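Sequence order for the protein chains is G and D. For the first sequence, the residue numbers in our numbering are 554 to 1010. For the second sequence, the residue numbers in our numbering are 900 to 1316. Right, one structure below, let's go through it.
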Amino acid sequence: MGLRSVIVVAASLVLAACATVDDDGDDEAPDPWASTYQPRPSVPTLIRNGTVFDGNGAELASTDVLMVDGRISAVGQNLTAPEGAAVIDATGRFVTPGIIDAHSHLGVYPSPGIAATSDGNEATQPNTAEVWAEHSVWPQDPGFYRAVAGGITTLHILPGSANLFGGRGVTLRPVLGARTVQEMKFPDAPQSLKMACGENPARVYGGRNSSPATGMGTVAGYRQAWANAERYARRLRNAEEGEGDPPDRDLELDTLAGVLNGDIILQWHCYRADEMANAIAIANEFGFEIAAFHHAVEAYKIADLLAENDICAAMWADWWGFKIEAYDGIRENIPFVHAAGACAIVHSDSEVGIQRLNQEAAKAMADGNRAGLNITRAEAWTWLSRNPARALRIDDETGTLEPGRRADVVIWSADPLSSYAVAQRVYMDGALVYERGVTRDPPSDFELGQSYLEGAQ
Amino acid sequence: MRLLSALLFAVVFATPAAAQTVLIRDGRVVTNSAAGTVENGDVLIVDGRIRAVGASVAAPSGARIIEAQGRFVTPGAFAAMSEVGLSEISGSGALNDADIDSNTIAAAADAGRAFNPSVSAVAITRIEGVTRAAIAPSSTTTLFGGRGALVALSGRPDSVFRPRAFMVVELGETGANRTGSSRAALWPAFEAALRDAREYPARYQRGQGGAVLSELDAAALQPFARGQGAFLVHVESAADIRRIIRFQRDNPGLDFIIHGGAEAWQVADELAAARIPVIVDPLANLPDRFERLSARLDNAIILQRAGVQIAIAPAPGTVDAHQARLVLQLAGNAVANGLPWEAAFAAVTRGPADIFGVGSELGRLDRGYIADVVIWDGDPLEVQSAPTAVFIAGVEQPLVSRQTRLRDRYHPNRSRE
Chain G
554 MGLRSVIVVA ASLVLAACAT VDDDGDDEAP DPWASTYQPR PSVPTLIRNG
604 TVFDGNGAEL ASTDVLMVDG RISAVGQNLT APEGAAVIDA TGRFVTPGII
654 DAHSHLGVYP SPGIAATSDG NEATQPNTAE VWAEHSVWPQ DPGFYRAVAG
704 GITTLHILPG SANLFGGRGV TLRPVLGART VQEMKFPDAP QSLKMACGEN
754 PARVYGGRNS SPATGMGTVA GYRQAWANAE RYARRLRNAE EGEGDPPDRD
804 LELDTLAGVL NGDIILQWHC YRADEMANAI AIANEFGFEI AAFHHAVEAY
854 KIADLLAEND ICAAMWADWW GFKIEAYDGI RENIPFVHAA GACAIVHSDS
904 EVGIQRLNQE AAKAMADGNR AGLNITRAEA WTWLSRNPAR ALRIDDETGT
954 LEPGRRADVV IWSADPLSSY AVAQRVYMDG ALVYERGVTR DPPSDFELGQ
1004 SYLEGAQ
Chain D
900 MRLLSALLFA VVFATPAAAQ TVLIRDGRVV TNSAAGTVEN GDVLIVDGRI
950 RAVGASVAAP SGARIIEAQG RFVTPGAFAA MSEVGLSEIS GSGALNDADI
1000 DSNTIAAAAD AGRAFNPSVS AVAITRIEGV TRAAIAPSST TTLFGGRGAL
1050 VALSGRPDSV FRPRAFMVVE LGETGANRTG SSRAALWPAF EAALRDAREY
1100 PARYQRGQGG AVLSELDAAA LQPFARGQGA FLVHVESAAD IRRIIRFQRD
1150 NPGLDFIIHG GAEAWQVADE LAAARIPVIV DPLANLPDRF ERLSARLDNA
1200 IILQRAGVQI AIAPAPGTVD AHQARLVLQL AGNAVANGLP WEAAFAAVTR
1250 GPADIFGVGS ELGRLDRGYI ADVVIWDGDP LEVQSAPTAV FIAGVEQPLV
1300 SRQTRLRDRY HPNRSRE
């Protein structure tokens, strides 16, 4: 580690220490759950002469990307390498922002998947808004390393969809070797609330002869909870203004009140067009925003509604048919949402799919273009980085290669919308965190010392 | 018995009425046979069969000519394992014919008799270039998964062309979970079942019954226990695979195909020597089960280099009724991780045909082969590519499905009436 990076690390420690002072300059109690993420040490790095997708929809031929102090410093032609910079020749390679998966269960449904590690659904009552996915995340999940090898630099971990209110989601860096989830938390990224439409809550609770058992029961369940949250939020506000006592602290209502005041963003699992429309009506009734619908297999049927309401849709390229609410899935879902001017996202919801989200974007782009649209590969990349960053409210920090953004960058062996492309180098905050072909001990303690590895050829 | 299955085979391979004489001209023809890939090659289809393949094939009079313009022309893909046709919707409380919850029927379960050629997934799969599939139930209550079938995805009533082609056996964690929750119970149970089957019907007529099998299961298992038809074995760990290899050595005459085999790379040479083929999932690289701790992306490559016959399909537990079309993406990913293109493409065409014993009829573009032929708008192993024409047994399939109809209904450029 050079002197320069020591200074960078020291500077960011000072910043972290300041983070407990709020806008008014008042001292606040430090957040015990705050991110302790620290970028890995980095040197200034110039990636030279690659084909660059800037994450905003532009493709730049023979272009350089300069990363300094963990941030994108410049993107352009014939950039000069600062003294001491690492220079990487990317001729014939492709350079993109790191992929952001807006829907993952790594860590909460880790490998190995056995009963004791199945930690993603607190399926004990339909409203568990009080639970936080981060408290289930096992940082040693071997899936994190595989995700990084697929070009992932940020991912949003959600509770499952058994409940109407599943709990809070968390935006993470896939920090290899992290011992705590706090080390992985994306600094200052808002938490989310995971809600779920449709079949899953009705199946889980209806099967226990309790509510919700039907679609109408799910909507009643949401609305009653939001009505309770409104009252709770009002009493909190009043107490702050000196009117009356604050309510007894209620962790479940804390989460919903956080959505109402905009501190917590809403990620809503919903497949069917009509159910998404109902969700929008509920949001209007109680005055909160929906950041994104997840899975949204029928988003193409209401792409105009999504655009109008500024709601993203996080989708698979081609999953369908595994249940009735996924029956109308079509291969053009993502491109049709994109064509309507709405915010389209390619998500995984899978420890396998997260390793090659670029291929899912490629399928969606090609199918859209076969249907007569005209989507470029650089536009398709917005589904993988800028748009998920927007849905996670971290788009001022990552998702594009604009100067000042975190230097989350992937160098691909070939056009990353090809099946044959692989991530060769992955940078997170300007630090090289993965290099293909470099053998190393597995970052997960779980995999260390397994006999097959010690005895491998 | 033999005669009967030979007759069945002849019937289901009979020429379909609508087969045309078609000459596909100037394609990049992947023959999967000794001719390799023929650039600017022609393929002549007559009476549902390949009549000729070569650099310059004369068009018979009246033949329909299709100019391939240098595009890939290949055999149709063969999903080496799928549940396609066994459900319209797999979840949601809908009937799923792949799930068998019976105390008396497991080995006797017969996937071919549940196959429905009209389910929407069949058309959705074939328009992506997948023309054949091996299907089997996904779950039973015993270590026997039932009898799998080979099917065409033409949607025709006679789609099941090899009923009862193989017997699924769970000899890994899943089998152990269903058999006393232990491999220590699983293997004695498997051996006892084979004895029950070999001694069928005598011991059942005597009233002795089976040690572990119901009479129905014993009858269904009998031909396989006598070496007539392969056991398709779900195993993942190297230790379990070695048990299979040893068992086969001690029981010559029994045929085994491994499906899964995440750790097969560790025993590649032994598998090659035992001539046991492996149906492998090139994406299975997670230690998501204790039997898959050493799963790795280059499993298929290591097996192929060692001389093991491979096919590519989703791993046990991820096989489904709706996404058989993804076998081509799986093969493309094997290429990305080092498998030669020809071997990867063969692993989703010729390989499954050879493994399931129909390699003299399917999986190649060669004279006399059944004309399952696909013309592609790009490299078929690239996710961006799609077929421009699909023939099954010489009959061109419309590139229409329930999904394309929904696409057209909601197309953004369509004027809303």
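Glycine included, every Cβ here is placed at the ideal spot set by N, Cα and C. For clarity, every value in this text was computed on a predicted model and none was experimentally measured.
Check, Outcome
"List, in chain order, every chain D residue whose beta-carbon is nearer than 7 Å to that of Y880 of chain G.", "I988"
"Within 8 Å (strictly less), CB to CB, does G666 of chain G reach chain A?", "The structure shown has no chain A; the protein chains it does contain are G and D."
"Anything in chain D within Cβ reach of L859 of chain G, meaning under 7 Å, just list it in chain order.", "Those do not exist, as L859 of chain G stays about 13 Å from chain D at its closest Cβ, beyond 7 Å."
"Strictly below 7 Å CB to CB, what residues from chain D border R699 of chain G?", "N1184, L1185"
"Could you say which of G:P969, G:L613, G:A627, G:Q977 lies nearest to G957 of chain G if we only look at CA atoms?", "G:A627"
"Below 7 Å on C-beta distance, what does G768 of chain G contact in chain D?", "Correct list: empty, because the minimum Cβ distance to chain D is about 13 Å."
"Use the C-beta contact count for H688 of chain G: other C-beta atoms within 10 angstroms, 16 or more gives buried, fewer gives exposed.", "exposed"
"Using 8 Å as the threshold, is the C-beta distance between C823 of chain G and C896 of chain G below it?", "no"
"Thinking C-alpha only, which one of D:I1274, D:L1280, D:S1300, D:R1301 is nearest A1288 of chain D?", "D:I1274"
"So, for Y698 of chain G: in the same chain, excluding its five sequence neighbours on each side, which residues have a beta-carbon less than 6 Å away from its beta-carbon?", "L729, P996"
"Is it true that the CB of G774 of chain G sits closer than 8 Å to the CB of L819 of chain G?", "no"
"What are the residues of the stretch 702-714 of chain G that lie near chain D, defined by any Cβ-Cβ distance shorter than 7 Å?", "none"
"For the stretch 969-983 of chain D and the stretch 1244-1264 of chain D, state whether three or more C-beta atom pairs, one from each stretch, are separated by less than 8 Å.", "yes"
"Can you name the residues of chain G whose CB is closer than 9 Å to the CB of D1219 of chain D?", "G874, F875"
"From E1162 of chain D to S1136 of chain D, what does the alpha carbon distance come to, in whole angstroms?", "5 Å"
"Determine the burial state of T681 of chain G: buried for a count of at least 16 other Cβ atoms within 10 Å of its Cβ, exposed for fewer.", "buried"
"Cα separation between F1014 of chain D and P585 of chain G?", "57 Å"
"Give me, in chain order, the residues of the same chain whose beta-carbon lies closer than 7 Å to that of Q630 of chain G; leave out the 5 immediate sequence neighbours on both sides.", "S615, T616, D617"
"Between the stretch 840-849 of chain G and the stretch 934-948 of chain G, can you find at least three pairs of beta-carbon atoms closer than 8 Å?", "yes"
"Would you say V1166 of chain D and R1141 of chain D are within 8 Å of each other, going by their C-beta atoms?", "yes"
"Just the chain G side, please: which residues come within less than 7 Å of H1133 of chain D by C-beta, in chain order?", "Ordered by position in chain G, no residue passes the 7 Å Cβ test against H1133 of chain D, which lies about 17 Å from the chain."
"Mind listing, in chain order, the continuous beta strand (DSSP E) runs of no fewer than 3 residues lying wholly within the stretch 1023-1050 of chain D?", "1029-1034"
"So what's N1076 of chain D in DSSP terms, helix, strand or just coil?", "helix"
"Return the chain-ordered list of same chain residues with a C-beta closer than 7 Å to the C-beta of A715 of chain G, the five sequence neighbours on each side being excluded.", "N674, A676, N753, P754, V757"
"Take I944 of chain D and list the residues in its own chain whose beta-carbon comes closer than 8 Å to its own, dropping the five residues that flank it on each side.", "A918, Q919, T920, V921, L922, I923, R950, A1270, V1272, F1290, G1293"
"From what residue to what residue does the alpha helix (DSSP H) around T930 of chain D run?", "First-last for T930 of chain D: undefined, no H or E at that position."
"For chain D, is any of its Cβ atoms less than 8 Å away from the one on L613 of chain G?", "no"
"Going by the CB atoms, is the gap between V899 of chain G and I883 of chain G shorter than 8 Å?", "no"
"Would you mind sorting L954 of chain G into buried or exposed? The rule is 16 or more other CB atoms within 10 Å of its CB.", "buried"
"At 9 Å on the CB atoms, spell out the chain G contacts of R1188 of chain D, in chain order.", "S664, P665, G666, I667"
"Taking all protein chains shown into account, do 16 or more other C-beta atoms lie within 10 angstroms of the C-beta of D575 of chain G, making it buried, or fewer, making it exposed?", "Residue placement at D575 of chain G is poorly supported in this model, since its pLDDT is 47, which falls under 50; the coordinates still yield a value, given next. The residue in question, D575 of chain G, is exposed, as its Cβ has fewer than 16 Cβ neighbours within 10 Å."
"Anything in chain D within Cβ reach of A915 of chain G, meaning under 9 Å, just list it in chain order.", "E1281, V1282, Q1283"
"Quick check: T649 of chain G and W965 of chain G, are their CB atoms within less than 8 Å of each other?", "yes"
"Please classify T808 of chain G: does DSSP put it in a helix, a strand, or coil?", "helix"
"Report yes if the CB atom of V1059 of chain D is closer than 8 Å to the CB atom of R1031 of chain D, and no otherwise.", "no"
"State the DSSP-derived secondary structure class of L994 of chain D, mapped to helix, strand or coil.", "coil"
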